[in-house]
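**Q** Under the working numbering, the first residue of the sequence shown carries the number 19, and numbering increases by one thereafter.
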Amino acid sequence: MASLHHIRTVATYESKTLFRSWFFRIFAILALVFVFFFNLFYQTKVGFPFDDMVALPAKVPFMNLYIINMAQAIIAIFLASDFLKRDKKLDTTEVIYMRSMSNADYVIGKTLGNLYVFLLLNVVALVMVAVFNLISPYSAFRLMPYFYYFFLVSVPTLLFILGLAFLLMSVIRNQALTFILLLGYIAATLFYLQGKFHFLFDYMAYRLPLTWSDFVGFGNLNSLLMQRGIYFFLGVGFICLTILLLKRLNQSKTVNGVVTVVGAGSLIFALVLGFFYVNRVSQFDNHRKEMIALNDQYANAPVMQMTRCDLDVKHNGNSIAATADMQLKNTTSEPVKEIILTLNPGLKVTNVEGAGYERDQQLLKIKPQNAVAPGDSLQVKVQYAGTIDESLCYLDYDRERLDKITLDDNATIDKRHAFVRSNYVLLTPETRWYPMPGIPYSSKGLGWLHKEFTRFSLTVEPANDSLKVLSQGEKTIGADGKITFRDKEPLQQISLVMGNYQTRSITVDSVQYSLTYLKGHNRFDEFFTEVKDSLAPVIRDLKNTFEAKLQLRYPFHRLELVEVPVQFYSYSHLWTVAREQVQPEMVFLPEGGYMVSGANFALSKRWAERRSRHTNESVTERESEENLFRDFVNRALLAKDEGRGFRMRFGGPGRNFDDNPNPYFLFPDYYTYANEINSPKYPIMNRVLESYLVERTADDQPGFMRNFMGMSSDERGNMELQDKSFARVLQDQEDPDIVDNIIQTKGEFLFALMKAAAGEDKFDNVLNSFLEKSRFRETGINDLKTDLASSFNLQLDDYLSSWYNSKELPGYLVTDVEAVKVKDGDRTPTMVTFHLSNTGKEPGVVKFTFRLGGQGRRGRRFGGGGDEETVERIVAIAPHQTKRVGILLNEEPRMMMTNTFASANIPSVLTQRFEKIELDEKRTPFNGEEVIDYEDGTAPNETIVDNEDPEFKLIQPESSSFLKKIFEAQLVDNEDQKYKGLNFWRPPVEWTLTTNTNFYGKTVRSAYYTKGGTGDREAIWNVPVKESGYYTVYAYVPKINMRWRGEDKGEYTYTIHHDDGEDHPAVDIKSTGGGWVELGAYYFSPDTAKIELTNKTDASIVYADAVKLVKEK
């Protein structure tokens, strides 16, 4: 009892001392003021509803505590490291030191005093947050997460940092040095160590997956408890060490012994937890490697087709027991002695009827008594039980790629692929929760890829009657309470969901649309009070508009939007555009619409009302609700990309903007799950067709955005194709993100070639007809070849071999672009003419897109979107050929975009703006193509040296800052990228290579740029001169539109070394229209003409591009 009294006394006076500290008072007041205004702005109508807190109520306490925890961890370091210094300097504890108490009483009292002060601040802040949460019109209130986050985030963080600060101060006994070391440790954990070993070093829980779900709670509670337990017990251990190291008589050997045991035990237990935490990830990765190696052994094994599968599933709380009755057909040309099936390794096979079997991890090897002859079938019934092992999912992702995605894509939410719990079940085909023929992935190329259409039936017995069961097909409930699903059409796959759900449904034109959500999650009715009973015409219009763009009809009779736990996550596969969020007839949306474009109805409504006030528009409530619904459907379900803006990554001299594919895009239900074109020779063919069809629905990405990237995703893929064939890229799969872009560009290129030969509209009509008649059955590529040959006499094989196997790429020059108005009878169309040259060794095709409307259509919303009138023309061109192309347009074009697809061109999309277009009555209208003499972009009397040529070189001093190099190495995520992005706001100090459509170049339009400076950086062109004489010297001075900054001002001063000495002509960059600027005529002898440009200028940016010498006659 005396010991407790001593501890309480020390803690009381320690807390009083801290409360009197102005340092702590200022911090506490600032923290509470920040929390107050943060919640005032995001939880009330004073500001705007915050997406995260609207969708996930648990995010309310989490985000507030998240911010406070970071700040208090730093403040606690200062106050905790102050205790020995303060005690000695001010004698604040001299009375206590004189008392007969143990060192443990003293240090524990000091610790509890510090903890009390900071945790009280946390409690006060959380109470304030809860009050806002309770009165908020936007965010629902959940009580338990307040307690969970308090004990999982605040307590371990404070205990660890206090213990570490006490220990270091006891050892070093220098507050300044201790403070510096601890701040360095915090910086290291935040910027370097944080993501290592699956967030092992994240003591502040800054990036831990701590998001709470109303469906399943935490995604992986065991891992969280281990990670937080590590720092809790480390903190206890450090405090015990501080007790032992305190420079004072210990007063009690018994207490000293207990402290030693507790301290050692805590530290050992923390290390054990750390080992198991890291080992868990290591075992996960090793298991995945073993499964990949096993798959590779069977990558070329024959695959049987599953024509029928009757599944009977019983839900037993945290596990399932199931029977799969399958009909397997041999569609190969050889007898099959061993049938390879894949079943999740967490599901244990208990019996197989109809054949023998062998289980090897994820593979189930069926061994029939006799080999199955071609065309014959085998009936097999497999019984199995267990739970889901998620290590089988997404074997095409290695640890490095998984960690990168985790860091880039909201690490605070756990990424789960399946749930089997007593109150919730979610199973998708990626988990292989029922046996599937073949293997799910091989690192040896795509030869294993196989899909089929199967007639499924599913019977489910849920663990309790409160669980609603969802799957594909028509639902019936038997007398025994079992639920059965059967679909009219064969499907590629099925999924299973069970939860405490409610459903709303509406039938429009024979399609049943349903919204299924967790009970208590109806947060949308209040936004659709006027229109909820008359949604049918709105849905019909949305569907018809989308199908008109896609040119395919919806093939199913149901579409169900299902709310699922926020932790459910899928990765993309390079062999399909489909993600697990979209299943046949179903779309899985994260709870509350978290991170779904347009799902924050409160925010969308506020913006719409604000827009109406600014534009003085009169919008009825019904129209407003219809617009709200349309915006959600168009952005969340019918858009190829997420539409949440571009993800910006800072680093190096430029910025990277990534457009994120929309995982809820409905396209797979229109094509992927209804069609399949099989090609053993070209296994990527179905994916290529997917990409082509998806592009029908896509809006153009804002052209200026690629300027910030240096290279677009498609261009990075094209650079990869300069050294490898398409087949080799698919086999190596070295960078899956780039491979995905290569598939996109190569697919566009292939179909553009065929459309150029067949005619765009005709080709699409034949293709659409072929897809329609091929619904719900596997179709060979020979069937497509037959249709194309009979319709257009187009031989697909003539295109595929070179397209798939060639290492060569076409390259294009677009020159002599001119737009004039001409007289054509009673009409006055605009005629655009240009020369198109193919400098490559392979046939090429280019798509020209004209945006119409002259200069009148400007100022569309940032991020693009919306329709505008365009005209397209596809031009095919042979190797080393030049064509003169003329196009007549009924309206004035304001821009021509040249899409070069898979080519050597960078940028791959060139833009040409048209200013004022004049009438030329003497010009003869020309609409068509004609072959002319080949042009390579250089006139006979010209010599051009570009920045890409070996005759160009740079001079610049090396950076001498070691710390700067280390810091930039951590920030730059495109270090290996040759071309960096343009940064108008903070130009690089060093010469940096970038690309832009306004630069000079034959196939690569690039230039070096740097910040205007003092002349310490120089660009030099050494132009070869073959003959003596006078030459006119030109410099290519690009004119780049620096949005939001206006035109740059200043002069570039060139130095020209010639036979008579040197001159220093200056170019006023504002007065140039962009392009070749004459610098003067000079006499050069045969050798080299040296031309220099430094960064000495008042302009903000200096571009070093190309120079040209033209010999005078």
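We put the beta carbon where it would ideally sit given N, CA and C, even for glycine.
#1: Check K550 in the structure and name its three-state DSSP category.
#2: From which residue to which residue does the beta strand (DSSP E) around I1074 run?
#3: Measure from the alpha carbon of L488 to the alpha carbon of each residue in N693, V605, F683, then state which is nearest.
#4: Would Y156 pass as a contact of Q61 if the rule is Cβ separation under 9 Å?
#5: What separation, rounded to the nearest whole angstrom, lies between the Cα atoms of H591 and R628?
#6: May I have the straight-line CA-CA distance separating F919 from A76, to the nearest angstrom?
#7: In chain order, what residues of the same chain have a beta carbon less than 7 Å from the beta carbon of R813, not counting five sequence neighbours either side?
#8: Per DSSP, V850 forms a beta bridge with which residues?
#9: According to the Cβ coordinates, are L827 and Y688 closer than 9 Å?
#10: Can you check which of these residues, E635, L176, I1119, is closest to R1035 by C-alpha distance?
#11: Taking C-alpha atoms, which residue in K399, I257, V299, L361 lies nearest to R326?
#12: Quick one: what does DSSP say V28 is sitting in, helix, strand or coil?
#13: Taking P608 as part of the beta strand (DSSP E), name the residues at either end of that continuous run.
#14: By the DSSP assignment, the beta strand (DSSP E) with V487 in it spans what residues?
#15: On the DSSP letters alone, give me the boundaries of the alpha helix (DSSP H) that G275 sits inside.
#16: Which of the three DSSP states is assigned to D964 in this structure?
#17: Which residue marks the beginning of the beta strand (DSSP E) containing N369, and which one marks its end?
#18: DSSP three-state call for V64: helix, strand or coil?
#19: Measure how close the beta-carbons of V273 and A122 come, nearest whole angstrom, since I'm counting them as under 8 Å.
#20: What separation, rounded to the nearest whole angstrom, lies between the Cα atoms of V299 and R225?
#21: How far does the beta strand (DSSP E) with K385 in it reach, from first residue to last?
#22: Measuring straight from C-alpha to C-alpha, what distance separates T368 and G374?
#23: Fully enclosed by the segment 462-518, which beta strand (DSSP E) runs are 3 residues long or longer?
#24: Whole angstroms are fine: how far does the CA of M187 sit from the CA of L108?
#25: Can you tell me whether N240 is buried or exposed? The criterion is at least 16 other CB atoms within 10 Å of its CB, across all chains shown.
#26: Using only alpha-carbon positions, find the residue among P897, V893, H898, M913 that is nearest to G904.
#27: Comparing alpha-carbon positions, which option in T350, R640, D967 lies nearest V390?
#28: From F1134 to L201, what does the alpha carbon distance come to, in whole angstroms?
#29: With DSSP run on the structure shown, which of helix, strand or coil describes P911?
#30: Could you spell out where the alpha helix (DSSP H) holding C258 opens and where it closes?
#31: Note down the Cα distance separating R931 from V889, rounded to an integer number of angstroms.
#32: What are the start and end residues of each continuous alpha helix (DSSP H) run of 4 or more residues lying completely inside the segment 540-604, in chain order?
#33: Pair every Cβ in the segment 248-262 with every Cβ in the segment 281-290, then say whether three or more of these pairs are closer than 8 Å.
#34: Helix, strand or coil for I457? Go by DSSP, reduced to three states.
#35: CA-CA distance, P681 and A654?
#36: Between which two residues does the beta strand (DSSP E) containing G1079 stretch?
**A** Reading off the structure:
#1: Three-state DSSP puts K550 in coil, outside helix and strand.
#2: That run of the beta strand (DSSP E) goes 1069-1076.
#3: Sorting N693, V605, F683 by C-alpha distance to the C-alpha of L488 places V605 at the top.
#4: Cβ atoms of Y156 and Q61: closer than 9 Å.
#5: Straight through space, the alpha carbons of R628 and H591 are spaced by roughly 41 Å.
#6: So the alpha carbons of these two residues sit roughly 46 Å apart.
#7: The question names Arg, but residue 813 in the sequence shown is Gln. Hits under 7 Å: A807.
#8: Note: V850 sits in a beta bridge opposite A837, I905.
#9: Taking 9 Å as the Cβ cut-off, L827 and Y688 do not qualify as a contacting pair.
#10: Comparing Cα positions, the closest option is I1119.
#11: The shortest C-alpha separation from R326 is found at K399.
#12: DSSP, reduced to helix, strand and coil, places V28 within a helical segment of the structure shown.
#13: First-last of the beta strand (DSSP E) with P608: 604-608.
#14: First-last of the beta strand (DSSP E) with V487: 486-488.
#15: 271-315 is the extent of the alpha helix (DSSP H) around G275.
#16: Annotated three-state conformation of D964 is strand, per DSSP.
#17: Residues 365-371.
#18: Look at V64 here: in three-state DSSP terms it is coil, with no helix or strand label.
#19: With 8 Å as the limit, V273 and A122 qualify as a contact, their Cβ atoms being about 5 Å apart.
#20: A direct Cα-to-Cα measurement between V299 and R225 gives close to 17 Å.
#21: Residues 381-385.
#22: Distance between T368 and G374, taken at the CA atoms: about 12 Å.
#23: Listed in chain order, the complete beta strand (DSSP E) runs (minimum 3 residues) inside the segment 462-518 are 473-479, 486-488, 492-495, 501-504, 514-517.
#24: Below a pLDDT of 50, predicted positions are generally treated as unreliable, and L108, at 47, falls in that range; the measurement from the model is reported next regardless. Rounded to whole angstroms, L108 to M187 spans 17 Å at the Cα level.
#25: It counts as exposed.
#26: Taking only the C-alpha atoms, the option nearest G904 is V893.
#27: Considering only alpha carbons, the answer is T350.
#28: Nothing about residue 1134 can be read from this structure; the chain reaches only from 19 to 1131.
#29: Strand at P911.
#30: C258: member of the alpha helix (DSSP H) spanning 239-263, first to last residue.
#31: So the two alpha carbons sit approximately 15 Å from each other.
#32: The segment 540-604 contains these whole alpha helix (DSSP H) runs: 554-568.
#33: Yes, the segment 248-262 touches the segment 281-290.
#34: Coil.
#35: Approximately 9 Å between the Cα atoms of the pair.
#36: In the DSSP assignment, G1079 falls within the unbroken beta strand (DSSP E) covering 1079-1081.
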